[in-house]
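Participant:
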Amino acid sequence: HKLERLDNPEILGRKYDPEGEYIRQWLPELARMPAEWIHHPWDAPHTVLTASGVELGQNYPKPIIEIDLAR
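The sequence shown begins at -6 in the working numbering and counts up one residue at a time.
The structure is reproduced here in structure tokens:
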């Protein structure tokens, strides 16, 4: 079975939830993350992560796949 479609959660998140309201509601670990980074917190600068209270691999998981490689 060939995978014909692979949705990108970052792109869809930015399109349908640009301010991250849904994410903030259901992922309190990211509640203080700026909207600019909320759909991809693993790319945020360390200063932004620290100010938001996010510790990748501790209170929020690191990514398990790379979308570009999954294609």
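Glycine included, every Cβ here is placed at the ideal spot set by N, Cα and C. Just so we're clear, the structure is a prediction, and the values are computed from it rather than from any experiment.
Going by beta-carbon coordinates alone, are Ser45 and Arg25 separated by less than 8 Å?
Facilitator: Mapped onto the sequence shown, residue 45 falls at position 52. Mapped onto the sequence shown, residue 25 falls at position 32. Cβ distance < 8 Å, so Ser45 and Arg25 count as in contact.
Participant: Give the single residue among Arg(-2), Leu5, Trp35 and Pro21 whose Cα lies nearest to the Cα of Pro54.
Facilitator: Working through the sequence shown from its first residue, we reach residue 54 at position 61. Measuring from the Cα of Pro54, the nearest candidate turns out to be Trp35.
Participant: Starting from Tyr9, follow its DSSP beta bridges and name the residues at the other end.
Facilitator: Here the question's residue 9 lines up with position 16 in the sequence shown. The partner list for Tyr9 (beta bridge, DSSP) is empty, contrary to what the question assumes.
Participant: Just to confirm, is the Cβ distance from Val41 to Leu23 under 8 Å?
Facilitator: Along the sequence shown, read from residue 1 onward, the residue named residue 41 stands at position 48. Along the sequence shown, read from residue 1 onward, the residue named residue 23 stands at position 30. No, Cβ-Cβ distance for Val41 and Leu23 is not below 8 Å.
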